[in-house]
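Peer 1: According to our numbering, the sequence shown holds residues 166 to 458 in order. Positions of the beta carbon are idealized from the N, C-alpha and C atoms, including for glycine. Treat the numbers as computed from the prediction; the structure is a model and nothing was measured. Pasting a structure here, questions to come.
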Amino acid sequence: MILSMTGYGAARGTEDGVSYAVEIRSLNNRYYKASIKLPDGMQWLEARVDGWLRESLGRGSISYTLRMRDNSPQSVGTINATAVSAYVDQLRQMTGSRPGTTIDLAALLTLPGMCDEPELDEESRARRVGAVERLTREAVRGLMAMRRAEGSALRTHLLEQLDQIRSRLETVQRRSPVVVEEYQEKLKARINRLLQQAQLELDRDSLTREVAIFADRCDIGEEIARLGSHLEQFRTMCDSKDESGRRLDFLAQEMLREANTIGSKSNDAEITQNVVDIKAAIERLKEQVQNVE
(Lines of atoms letter the chains of each structure in order from A and count residues from 1; the text may use other names and numbers.)
(Lines give C-alpha, C1' and ligand atoms only; values in the text may rest on other atoms or scores of the structure.)
Protein backbone atom coordinates (compact mmCIF):
# COMPACT_ATOMS: atom_id res chain seq x y z
CA MET A 1 0.00 0.00 0.00
CA ILE A 2 1.30 3.43 -0.96
CA LEU A 3 1.27 5.96 1.87
CA SER A 4 1.98 9.61 1.21
CA MET A 5 4.15 11.45 3.71
CA THR A 6 1.97 14.56 3.42
CA GLY A 7 -0.92 14.74 5.85
CA TYR A 8 -2.79 16.68 8.52
CA GLY A 9 -4.75 15.64 11.58
CA ALA A 10 -6.35 17.52 14.48
CA ALA A 11 -8.36 16.75 17.60
CA ARG A 12 -9.95 18.82 20.38
CA GLY A 13 -11.45 18.02 23.73
CA THR A 14 -12.15 19.22 27.26
CA GLU A 15 -11.62 17.28 30.45
CA ASP A 16 -11.66 18.38 34.12
CA GLY A 17 -11.93 22.02 33.08
CA VAL A 18 -8.90 21.82 30.77
CA SER A 19 -9.33 22.42 27.03
CA TYR A 20 -6.92 20.62 24.69
CA ALA A 21 -6.19 21.12 20.98
CA VAL A 22 -3.77 18.86 19.08
CA GLU A 23 -2.56 19.51 15.53
CA ILE A 24 -0.20 17.29 13.56
CA ARG A 25 1.28 18.06 10.13
CA SER A 26 3.65 15.89 8.13
CA LEU A 27 5.82 16.50 5.07
CA ASN A 28 8.25 14.32 3.17
CA ASN A 29 11.66 13.59 4.63
CA ARG A 30 14.15 10.76 4.14
CA TYR A 31 14.00 10.05 7.88
CA TYR A 32 11.69 10.49 10.85
CA LYS A 33 12.02 13.99 12.26
CA ALA A 34 9.58 15.40 14.81
CA SER A 35 9.15 18.97 16.05
CA ILE A 36 7.01 18.89 19.21
CA LYS A 37 5.62 22.11 20.67
CA LEU A 38 4.07 21.90 24.13
CA PRO A 39 2.66 24.55 26.50
CA ASP A 40 4.84 25.92 29.29
CA GLY A 41 5.03 23.46 32.13
CA MET A 42 4.23 20.45 29.89
CA GLN A 43 7.69 19.79 28.45
CA TRP A 44 7.94 16.66 30.58
CA LEU A 45 5.45 15.09 28.17
CA GLU A 46 7.65 15.43 25.05
CA ALA A 47 9.19 11.94 25.18
CA ARG A 48 5.74 10.34 25.58
CA VAL A 49 4.35 12.28 22.62
CA ASP A 50 7.32 11.32 20.47
CA GLY A 51 6.73 7.67 21.32
CA TRP A 52 3.05 7.86 20.32
CA LEU A 53 3.99 9.44 17.00
CA ARG A 54 6.68 6.88 16.21
CA GLU A 55 4.19 4.04 16.66
CA SER A 56 2.31 5.06 13.50
CA LEU A 57 4.58 7.35 11.49
CA GLY A 58 7.60 5.72 9.88
CA ARG A 59 9.13 8.62 7.97
CA GLY A 60 8.56 12.31 7.41
CA SER A 61 8.97 15.74 8.98
CA ILE A 62 6.34 15.78 11.73
CA SER A 63 5.13 19.03 13.29
CA TYR A 64 3.15 18.45 16.49
CA THR A 65 1.46 21.24 18.46
CA LEU A 66 -0.47 20.95 21.73
CA ARG A 67 -2.46 23.92 23.01
CA MET A 68 -4.12 23.99 26.42
CA ARG A 69 -6.44 26.35 28.28
CA ASP A 70 -6.59 25.48 31.95
CA ASN A 71 -9.70 26.71 33.78
CA SER A 72 -9.52 24.09 36.50
CA PRO A 73 -9.07 24.98 40.21
CA GLN A 74 -5.54 23.55 40.02
CA SER A 75 -4.57 26.25 37.52
CA VAL A 76 -4.51 28.99 40.17
CA GLY A 77 -0.94 29.80 41.15
CA THR A 78 0.30 30.87 44.58
CA ILE A 79 1.37 34.47 45.14
CA ASN A 80 4.97 34.67 46.28
CA ALA A 81 4.62 36.96 49.30
CA THR A 82 8.39 37.30 49.72
CA ALA A 83 8.84 38.51 46.15
CA VAL A 84 5.89 40.93 46.49
CA SER A 85 7.37 42.45 49.67
CA ALA A 86 10.78 42.83 48.02
CA TYR A 87 9.28 44.64 45.00
CA VAL A 88 7.13 46.87 47.20
CA ASP A 89 10.12 47.86 49.35
CA GLN A 90 12.11 48.81 46.25
CA LEU A 91 9.23 50.82 44.81
CA ARG A 92 8.73 52.69 48.09
CA GLN A 93 12.39 53.63 48.17
CA MET A 94 12.12 54.93 44.62
CA THR A 95 8.93 56.92 45.25
CA GLY A 96 9.66 58.05 48.78
CA SER A 97 10.38 61.62 47.66
CA ARG A 98 7.10 61.81 45.72
CA PRO A 99 4.11 61.97 48.06
CA GLY A 100 0.79 60.60 46.76
CA THR A 101 2.37 57.94 44.56
CA THR A 102 0.46 54.66 44.69
CA ILE A 103 1.55 51.15 43.81
CA ASP A 104 -0.62 49.26 41.27
CA LEU A 105 -0.86 45.77 42.74
CA ALA A 106 -2.33 44.28 39.54
CA ALA A 107 0.63 45.55 37.52
CA LEU A 108 2.97 44.37 40.24
CA LEU A 109 1.71 40.80 39.96
CA THR A 110 2.72 40.67 36.28
CA LEU A 111 6.42 40.97 37.19
CA PRO A 112 8.62 37.85 37.05
CA GLY A 113 8.57 35.63 40.13
CA MET A 114 5.42 37.12 41.65
CA CYS A 115 3.42 33.89 41.31
CA ASP A 116 4.55 30.32 41.75
CA GLU A 117 3.29 27.91 39.09
CA PRO A 118 0.77 25.39 40.41
CA GLU A 119 2.09 21.88 40.92
CA LEU A 120 -0.01 18.97 39.72
CA ASP A 121 -0.53 15.97 41.94
CA GLU A 122 0.05 12.52 40.44
CA GLU A 123 -3.63 11.89 39.80
CA SER A 124 -4.11 15.17 37.89
CA ARG A 125 -0.95 14.58 35.92
CA ALA A 126 -2.09 11.07 34.94
CA ARG A 127 -5.48 12.40 33.80
CA ARG A 128 -3.79 15.00 31.62
CA VAL A 129 -1.47 12.43 30.11
CA GLY A 130 -4.48 10.26 29.30
CA ALA A 131 -6.35 13.16 27.69
CA VAL A 132 -3.36 14.20 25.58
CA GLU A 133 -2.73 10.61 24.50
CA ARG A 134 -6.34 10.08 23.39
CA LEU A 135 -6.40 13.30 21.39
CA THR A 136 -2.95 12.63 19.91
CA ARG A 137 -4.01 9.19 18.71
CA GLU A 138 -7.22 10.66 17.28
CA ALA A 139 -5.22 13.29 15.39
CA VAL A 140 -2.80 10.61 14.14
CA ARG A 141 -5.76 8.60 12.80
CA GLY A 142 -6.95 11.66 10.89
CA LEU A 143 -3.46 12.28 9.54
CA MET A 144 -3.11 8.63 8.47
CA ALA A 145 -6.48 8.74 6.69
CA MET A 146 -5.25 11.72 4.69
CA ARG A 147 -1.94 9.97 3.99
CA ARG A 148 -3.79 6.92 2.67
CA ALA A 149 -6.05 9.04 0.45
CA GLU A 150 -3.10 10.93 -1.01
CA GLY A 151 -1.18 7.67 -1.29
CA SER A 152 -3.97 6.18 -3.39
CA ALA A 153 -3.80 9.12 -5.80
CA LEU A 154 0.00 8.85 -5.82
CA ARG A 155 -0.23 5.14 -6.67
CA THR A 156 -2.41 5.96 -9.68
CA HIS A 157 0.21 8.42 -10.96
CA LEU A 158 3.02 5.92 -10.42
CA LEU A 159 1.21 3.18 -12.33
CA GLU A 160 0.53 5.59 -15.20
CA GLN A 161 4.26 6.23 -15.49
CA LEU A 162 4.97 2.49 -15.37
CA ASP A 163 2.52 1.91 -18.23
CA GLN A 164 4.23 4.60 -20.31
CA ILE A 165 7.65 3.06 -19.67
CA ARG A 166 6.37 -0.41 -20.53
CA SER A 167 4.86 0.83 -23.80
CA ARG A 168 8.11 2.55 -24.87
CA LEU A 169 10.19 -0.45 -23.82
CA GLU A 170 8.09 -2.80 -25.95
CA THR A 171 8.67 -0.49 -28.92
CA VAL A 172 12.44 -0.61 -28.27
CA GLN A 173 12.30 -4.41 -28.00
CA ARG A 174 10.51 -4.75 -31.35
CA ARG A 175 12.84 -2.28 -33.02
CA SER A 176 16.13 -3.75 -31.78
CA PRO A 177 16.42 -6.77 -34.16
CA VAL A 178 15.18 -4.66 -37.05
CA VAL A 179 18.14 -2.30 -36.54
CA VAL A 180 20.60 -5.17 -37.03
CA GLU A 181 18.77 -6.35 -40.18
CA GLU A 182 18.77 -2.83 -41.62
CA TYR A 183 22.48 -2.46 -40.83
CA GLN A 184 23.21 -5.74 -42.60
CA GLU A 185 21.31 -4.66 -45.71
CA LYS A 186 22.94 -1.22 -45.78
CA LEU A 187 26.40 -2.71 -45.26
CA LYS A 188 25.82 -5.31 -47.94
CA ALA A 189 24.64 -2.70 -50.43
CA ARG A 190 27.59 -0.42 -49.71
CA ILE A 191 30.12 -3.23 -50.05
CA ASN A 192 28.53 -4.42 -53.27
CA ARG A 193 28.88 -0.96 -54.78
CA LEU A 194 32.55 -0.85 -53.85
CA LEU A 195 33.18 -4.38 -55.10
CA GLN A 196 31.45 -3.69 -58.42
CA GLN A 197 33.73 -0.74 -58.95
CA ALA A 198 36.74 -2.93 -58.23
CA GLN A 199 35.24 -5.93 -60.08
CA LEU A 200 35.54 -8.19 -57.04
CA GLU A 201 33.14 -10.64 -55.40
CA LEU A 202 31.54 -10.27 -51.96
CA ASP A 203 33.15 -12.27 -49.15
CA ARG A 204 30.05 -13.40 -47.25
CA ASP A 205 32.05 -14.62 -44.26
CA SER A 206 33.55 -11.18 -43.77
CA LEU A 207 30.10 -9.60 -44.06
CA THR A 208 28.70 -12.02 -41.49
CA ARG A 209 31.53 -11.26 -39.04
CA GLU A 210 31.01 -7.51 -39.43
CA VAL A 211 27.27 -7.79 -38.82
CA ALA A 212 27.90 -10.05 -35.80
CA ILE A 213 30.29 -7.49 -34.30
CA PHE A 214 27.71 -4.74 -34.81
CA ALA A 215 24.93 -6.87 -33.33
CA ASP A 216 27.04 -7.70 -30.28
CA ARG A 217 27.98 -4.06 -29.74
CA CYS A 218 24.34 -2.96 -29.97
CA ASP A 219 22.83 -5.90 -28.11
CA ILE A 220 20.40 -4.52 -25.51
CA GLY A 221 18.51 -7.73 -24.81
CA GLU A 222 19.79 -8.10 -21.24
CA GLU A 223 19.09 -4.46 -20.41
CA ILE A 224 15.57 -4.72 -21.81
CA ALA A 225 14.94 -7.86 -19.73
CA ARG A 226 16.27 -6.27 -16.53
CA LEU A 227 14.30 -3.07 -17.04
CA GLY A 228 11.16 -5.11 -17.67
CA SER A 229 11.80 -7.06 -14.47
CA HIS A 230 12.27 -3.81 -12.52
CA LEU A 231 8.95 -2.55 -13.82
CA GLU A 232 7.15 -5.63 -12.51
CA GLN A 233 8.91 -5.37 -9.15
CA PHE A 234 7.95 -1.71 -8.88
CA ARG A 235 4.32 -2.51 -9.65
CA THR A 236 4.31 -5.28 -7.03
CA MET A 237 5.82 -2.95 -4.43
CA CYS A 238 3.06 -0.41 -5.02
CA ASP A 239 0.55 -2.96 -3.67
CA SER A 240 2.72 -4.41 -0.92
CA LYS A 241 1.89 -3.62 2.72
CA ASP A 242 5.46 -3.39 3.97
CA GLU A 243 7.39 -1.73 1.15
CA SER A 244 8.79 1.72 1.70
CA GLY A 245 9.53 4.72 -0.45
CA ARG A 246 13.25 4.09 -0.01
CA ARG A 247 12.99 0.75 -1.82
CA LEU A 248 10.93 2.30 -4.60
CA ASP A 249 13.51 5.06 -4.94
CA PHE A 250 16.34 2.51 -5.17
CA LEU A 251 14.45 0.54 -7.81
CA ALA A 252 13.82 3.70 -9.83
CA GLN A 253 17.57 4.38 -9.73
CA GLU A 254 18.22 0.90 -11.14
CA MET A 255 15.63 1.45 -13.87
CA LEU A 256 17.34 4.68 -14.86
CA ARG A 257 20.72 2.93 -15.00
CA GLU A 258 19.37 0.31 -17.42
CA ALA A 259 17.73 2.98 -19.58
CA ASN A 260 21.02 4.89 -19.77
CA THR A 261 22.83 1.74 -20.90
CA ILE A 262 20.24 1.09 -23.60
CA GLY A 263 20.62 4.67 -24.79
CA SER A 264 24.42 4.47 -24.90
CA LYS A 265 24.29 1.29 -27.03
CA SER A 266 21.67 2.60 -29.39
CA ASN A 267 22.61 3.50 -32.97
CA ASP A 268 19.04 4.12 -34.03
CA ALA A 269 17.07 7.36 -33.90
CA GLU A 270 13.76 5.66 -33.07
CA ILE A 271 15.23 3.70 -30.17
CA THR A 272 16.99 6.82 -28.90
CA GLN A 273 13.75 8.80 -28.88
CA ASN A 274 11.95 6.06 -26.98
CA VAL A 275 14.79 5.89 -24.47
CA VAL A 276 14.49 9.65 -23.92
CA ASP A 277 10.78 9.17 -23.18
CA ILE A 278 11.55 6.27 -20.84
CA LYS A 279 14.09 8.32 -18.88
CA ALA A 280 11.67 11.24 -18.60
CA ALA A 281 9.00 8.92 -17.16
CA ILE A 282 11.51 7.42 -14.70
CA GLU A 283 12.49 10.91 -13.54
CA ARG A 284 8.81 11.61 -12.87
CA LEU A 285 8.66 8.35 -10.92
CA LYS A 286 11.67 9.38 -8.84
CA GLU A 287 10.13 12.75 -8.06
CA GLN A 288 6.81 11.23 -6.97
CA VAL A 289 8.48 8.48 -4.92
CA GLN A 290 10.08 11.14 -2.71
CA ASN A 291 6.68 11.60 -1.05
CA VAL A 292 6.11 7.89 -0.40
CA GLU A 293 6.63 6.79 3.21
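Please classify G174: is it buried, with 16 or more other beta-carbons within 10 angstroms of its beta-carbon, or exposed?
Peer 2: Counting every other CB atom within 10 Å of its CB across the protein chains shown gives G174 a total of 16 or more, marking it as buried.
Peer 1: Taking the Cβ atom as the reference point for each residue, do M234 and S184 lie within a distance shorter than 8 angstroms?
Peer 2: Before going on, a small fix: residue 234 reads as Arg here, not Met. Going by C-beta atoms, R234 is nearer than 8 angstroms to S184.
Peer 1: Along the chain, where does the beta strand (DSSP E) that runs through K459 open and close?
Peer 2: Shown here, the chain extends from 166 to 458; a query on residue 459 therefore has no answer.
Peer 1: Can you name, in chain order, every residue of its own chain whose Cβ lies under 6 angstroms from the Cβ of M166, other than the five neighbours on each side?
Peer 2: Excluding its 5 nearest sequence neighbours in each direction, M166 has C-beta neighbours in its own chain below 6 angstroms: K406, listed in chain order.
Peer 1: What number of angstroms, rounded off, separates the C-alpha of E284 from the C-alpha of E180?
Peer 2: 18 angstroms
Peer 1: Whose C-beta lies closer than 7 angstroms to the C-beta of H322 among residues of the same chain, with five residues either side of it excluded?
Peer 2: The residues are Q453.
Peer 1: Look up M207 in the DSSP assignment and say whether it is helix, strand or coil.
Peer 2: The three-state secondary structure of M207, taken from DSSP, is coil.
Peer 1: For the beta strand (DSSP E) containing E284, list its first residue and its last residue.
Peer 2: Counting along the chain, E284 falls outside any beta strand (DSSP E), and DSSP gives it neither H nor E.
Peer 1: Where does K202 sit, in a helix, a strand or coil, going by DSSP?
Peer 2: Residue state, collapsed to three classes: strand.
Peer 1: Figure out for me which residue from G178, Q208 and S221 has the closest Cα to the Cα of S191.
Peer 2: S221
Peer 1: Around the C-beta of L327, are 16 or more other C-beta atoms found within 10 angstroms, so that it is buried, or is it exposed?
Peer 2: buried
Peer 1: Beta-carbon separation of R333 and N439 under 8 angstroms?
Peer 2: For R333 and N439, yes; Cβs fall inside 8 angstroms.
Peer 1: With a cut-off of 8 angstroms on the beta carbons, I'd call E188 and A304 a contact; round off their distance for me.
Peer 2: With 8 angstroms as the limit, E188 and A304 qualify as a contact, their Cβ atoms being about 7 angstroms apart.
Peer 1: Based on the DSSP secondary-structure assignment, which residues constitute the bridge partners of I227?
Peer 2: Partner(s): S191 and A199.
Peer 1: Which residue from R422, T267 and M311 puts its Cα closest to that of S469?
Peer 2: Any answer about residue 469 is impossible in this case: the structure gives the chain only from 166 up to 458.
Peer 1: Beta-carbon within less than 8 angstroms of K451's beta-carbon, same chain only, minus the 5 sequence neighbours each way: which residues are those?
Peer 2: Excluding sequence neighbours, K451 sits near D414, A417, Q418 and L421.
Peer 1: Reducing DSSP to helix, strand and coil, say where G393 ends up.
Peer 2: helix
Peer 1: Using the Cα positions of S409 and E458, report the straight-line distance between them to the nearest angstrom.
Peer 2: 6 angstroms
Peer 1: Kindly indicate which three-state DSSP category M166 falls into: helix, strand or coil?
Peer 2: coil
Peer 1: Let's see if you can read the secondary structure: which residues bound the beta strand (DSSP E) around T179?
Peer 2: G172 to E180
Peer 1: For L276, is the classification buried or exposed, using 16 other Cβ atoms within 10 angstroms of its Cβ as the cut-off for buried?
Peer 2: exposed
Peer 1: Using the three-state DSSP reduction, which class does S184 fall into: helix, strand or coil?
Peer 2: strand
Peer 1: What residue does the alpha helix (DSSP H) around I447 start on, and which one ends it?
Peer 2: Where I447 is concerned, the enclosing alpha helix (DSSP H) starts and stops at A434 to V454.
Peer 1: Let me know if T267 comes out buried or exposed under the rule of 16 or more other beta-carbons within 10 Å of its beta-carbon.
Peer 2: exposed
Peer 1: According to DSSP, simplified to helix, strand and coil, what is D235?
Peer 2: strand
Peer 1: Apply the 10 Å Cβ neighbour rule to G316 and answer buried if 16 or more other Cβ atoms are within range, or exposed otherwise.
Peer 2: buried
Peer 1: If we ignore side chains and look at the alpha-carbon of each, how far apart do I389 and A445 end up?
Peer 2: 17 angstroms
Peer 1: CA-CA distance, S226 and G393?
Peer 2: Note on geometry: alpha-carbon atoms of S226 and G393 lie some 34 angstroms from one another.
Peer 1: Among D215, I443 and D404, which has the Cα closest to the Cα of Y197?
Peer 2: D215
Peer 1: Taking the Cβ atom as the reference point for each residue, do I436 and S341 lie within a distance shorter than 8 angstroms?
Peer 2: yes
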